[in-house]
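Heads up, the thing below is written out as structure tokens.
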Amino acid sequence: LGAAYLKRIEGKRAMNVEAAICCHTAALRVYTCQTFPSDWANTQNDLGNAYYVRVDGNKTKNLEMAIHCYL
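Counting along the sequence shown from 1, when you hit position 69 you're at 62 in our numbering, and nothing is skipped either side.
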């Protein structure tokens, strides 16, 4: 769902990216590194991509969040 919001062309870009961040964050409550390592890694990567293109907020902080997700 988060990936779909990130690529969504209808609606406002900023709102779609925020929805993607919410979806990926929610998924990480289920996909933990210990229980679903591959799904966790993919979701972390997708969350990083969402922070990378995030429109809202401080660009520097968004990039730092993206880097944190990619680690």
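The C-beta atom is built at its ideal place from N, Cα and C for all residues, glycine as well.
Terminal residues of the alpha helix (DSSP H) in which residue i lies
i       : result
Gly41   : 30 to 46
Thr18   : 6 to 20
Gly(-5) : -5 to 0
Cys62   : 52 to 63
8 Å Cβ cutoff met for residue i and residue j
i     : j       : result
Ala7  : Gly(-5) : no
Thr18 : Leu40   : yes
Arg47 : Asn38   : no
Tyr45 : Ala59   : yes
Close beta carbons around residue i, own chain, < 6 Å, minus the five adjacent residues each side
i     : result
Tyr24 : Asp32, Trp33, Thr36
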